[in-house]
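K.L.:
The C-terminal residue of the sequence shown carries number 250 in my numbering, and the numbering is unbroken. All residues carry an ideal CB built from backbone N, CA and C; glycine is no exception. What follows is a structure written as structure tokens; I'll ask about it next.
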Amino acid sequence: MLLYVTLGTNDLDQARRFYDVVLAVIGYRRQRYSEEEIGYAADGDIRCRLWIVTPFNRRRAANGNGTMVALAAETRAEVDAFYAAAVAAGGVSEGEPGLRPFHASFYAAYVRDLDGNKLSAVCEAPE
124 MLLYVTLGTN DLDQARRFYD VVLAVIGYRR QRYSEEEIGY AADGDIRCRL
174 WIVTPFNRRR AANGNGTMVA LAAETRAEVD AFYAAAVAAG GVSEGEPGLR
224 PFHASFYAAY VRDLDGNKLS AVCEAPE
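Pasting the structure below:
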């Protein structure tokens with residue numbers, strides 16, 4: 124259903140350093156980079172699914188209250204690695220890795236990036 128997601132940043136170089144490390148542990152790689160945007164996709168995907176951008180209107184980027192991007196992880200170990208990488212890269216914890224009450228196998232971790240955007244890595248596979 125979703126084609127792609129964009130998140131705003133006020134420092135594209137800082138965001139690149141954060142996302143290059145954090146997304147790599149769940150299989151997303153930087154595929155595009157310019158002065159205005161960075162695109163990430165899984166290897167073999169035909170398009171970038173997550174874009175980190177400077178706002179088109181040139182105003183300051185701001186995070187939304189109640190908004191979050193949840194990224195699929197193949198294993199619980201990937202969720203753990205995502206969380207550890209995000210916190211080590213300067214992200215802020217919004218919930219350590221663990222099972223959540225949404226269903227019996229919903230294993231997730233929550234962080235905020237350097238601009239305050241909320242991210243989650245989720246593994247729904249039973250282990």
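For the alpha helix (DSSP H) that Arg279 lies in, which residues bound it at each end?
P.N.:
The structure shown does not extend to residue 279, since the chain spans only 124 to 250, so no value can be given for it.
K.L.:
Just mark Gly213 as buried or exposed, buried being the case when its beta carbon has 16 or more other beta carbons within 10 Å.
P.N.:
Here the question's residue 213 lines up with position 90 in the sequence shown. So Gly213 ends up on the exposed side.
K.L.:
Considering only the beta carbon of each residue, do Leu194 and Ser228 sit closer than 8 Å?
P.N.:
Taking the first residue of the sequence shown as 1, we reach residue 194 at position 71. Taking the first residue of the sequence shown as 1, we reach residue 228 at position 105. Contact flag unset, no.
K.L.:
According to DSSP, what are the bridge partners of Gly213?
P.N.:
As a working mapping, residue 213 is identified with position 90 in the sequence shown. When beta bridges are read from the DSSP output, Gly213 appears opposite no residue.
K.L.:
Cβ of Val145 within 8 Å of Cβ of Phe225?
P.N.:
The residue labelled residue 145 in the question sits at position 22 within the sequence shown. The residue labelled residue 225 in the question sits at position 102 within the sequence shown. The answer is no: Cβ separation not under 8 Å.
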